[in-house]
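Position 210 (the sequence shown) corresponds to 210 in the UniProt record's numbering; numbering is contiguous.
Written out below as C-alpha cells is the structure these notes cover.
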Amino acid sequence: MLGNSGNDRLFGEQGDDKLSGGYGNDTLYGGTGNDLFVLENFNSSVAAKNLDIVTDFQKGADKIDLRTLGISDFNTISLLTGEDTDNNAIISTRYNFYNGDYYYRLQINGIRKSQLQASDFIFNSAVANDTISGTANNDDLFGGLGNDSLLGNSGNDRLFGEQGDDKLSGGYGNDTLYGGTGNDLFVLENFNSSVGAKNLDIVTDFQKGADKIDLRTLGISDFNTISLLTSEDTDNNAIISTRYNFY
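If you want it as C-alpha cells, here you go:
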C-alpha cells in the first residue's frame with residue numbers, strides 16, 4: 001500500500017502487508033501477519049516535514065525497510081533514533097532535494113529506542129563503492145557497505161560512512177562525520193569563498209591506528225604545524241583550527 005500525497009491512513013489488516021505512507025503525515029496500521037513498513041527517501045522540489053506513525057509494530061514479526069535510504073548498519077539507525085515524551089521511538093532523516101529541506105520521521109508507537117534491534121530492520125545489502133554528494137541544504141548521506149566517498153557540500157550535513165574504507169568531507173557548514181567501521185579518511189579542506197564563514201566539523205568516532213585525517217589540500221607537511229593549530233575544548237576533545245583564503 002502506497003499513500004502518495006496527503007495525510008493517509010493505511011490498514012494492512014490480515015496477511016503479510018507492505019505499507020508506505022508517501023508524502024504527508026500518515027498513520028500505518030499493519031494488523032496481523034508479518035508486515036513491512038517502508039522508510040522512504042523522497043526527492044522533492046519543495047521543503048517539507050512528514051511524520052508517519054506505525055501504530056502496532058510487532059517485534060519478531062514486522063520489519064522496517066531501509067533499503068531506499070541506502071542504510072546498511074544498525075549503528076546508523078541508533079544515531080538517527082530518539083524518543084518522544086511518551087517514550088515512542090522516532091527515526092528521523094533528512095534528504096537531498098532541489099529547493100529546501102525535507103525531513104521525514106517515523107514514529108513507532110509502543111516501542112522504545114532501547115527495544116529496537118538489527119532484526120527489526122531490512123538493511124541495504126548492495127556492495128558498491130559510491131560517490132555521493134549533498135546539496136546546498138542540510139543532508140544526510142549514507143555510505144553503505146562499500147568504500148565510499150561522501151561530500152556534504154553546503155549546509156549542515158551528517159555523513160555516515162558505515163561499513164568499508166570511506167572518505168568523508170563535510171564541505172561548507174557545520175557538519176557531523178560518522179566514519180563507522182573500516183579505515184576511514186576525514187578530509188580537512190581549504191575552501192576559497194567570496195564571503196567570510198566559520199565552519200565546525202565534528203568527527204564522532206575517530207579510531208587511532210585505523211582512521212586518518214587528510215591535510216593535503218591545506219599544504220601542511222609537518223606534524224609540528226598541526227601541534228600549533230590544535231587545542232582542546234572543555235571536554236578534552238582535540239580541535240584543529242585553521243584560517244583560509246577569501247576573495
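The beta-carbon is built from N, C-alpha and C at its ideal position, and this holds for glycine as well.
Query, Result
"Spatial distance of D17 from G155 (CA atoms)", "37 angstroms"
"Continuous alpha helix (DSSP H) assignments of at least 4 residues falling wholly in the segment 69-139", "74-80"
"Spatial distance of L80 from I91 (CA atoms)", "6 angstroms"
"Burial state of N124, where buried means 16 or more other Cβ atoms lie within 10 Å", "buried"
"Unbroken alpha helix (DSSP H) run spanning T225, endpoints", "223-229"
"Touching by the beta-carbon criterion (3+ pairs, under 8 angstroms), the segment 109-121 and the segment 131-146", "no"
"Alpha-carbon spacing of T181 relative to D165, whole angstroms", "8 angstroms"
"Residues near I239 in its chain [Cβ-Cβ closer than 8 angstroms; skip 5 each side]", "T230, S231, E232, D233"
"Buried or exposed by the 16-neighbour rule on C-beta atoms within 10 Å, applied to R94", "buried"
"Distance between N88 and V46 (C-alpha atoms, nearest Å)", "Residue placement at V46 is flagged as unreliable, the pLDDT there being 49, under the threshold of 50; the coordinate-derived value follows with that caveat. When rounded, the distance between both Cα atoms is 28 angstroms."
"S149 in three-state terms, based on DSSP", "strand"
"Separation of T32 from G173, as counted between CA atoms", "46 angstroms"
"Contact set for F74: own chain, Cβ-Cβ below 6 angstroms, skip 5 residues either direction", "A118"
"Beta-carbon proximity of F186 to L168, cut-off 8 angstroms", "yes"
"Check whether N138 and Y104 have beta carbons under 8 angstroms apart", "no"
"Beta-carbon contacts of residue 290 that lie in its chain and below 6 angstroms, excluding the five residues immediately before and after", "Outside the shown range of the chain (1 to 247) lies residue 290, about which nothing can therefore be said."
"Alpha carbon of V54 to alpha carbon of Q207, nearest angstrom", "37 angstroms"
"Option in T85, D56, D201, D65 with minimal Cα separation from residue 265", "This structure leaves residue 265 out entirely; the chain is present only between 1 and 247."
"Residues bridged to F202 (per DSSP)", "Residue identity check: residue 202 is Ile in the sequence provided, not Phe. Partner(s): T176."
"Alpha-carbon spacing of L151 relative to F160, whole angstroms", "11 angstroms"
"Other residues of its chain near residue 319: CB distance less than 6 angstroms, five sequence neighbours each side excluded", "Examination of residue 319 is not possible in this model, given that the chain is present from 1 through 247 alone."
"For L28, the residue or residues it bridges with in DSSP", "L10, V54"
"D52 versus N237: straight-line alpha-carbon distance, rounded", "37 angstroms"
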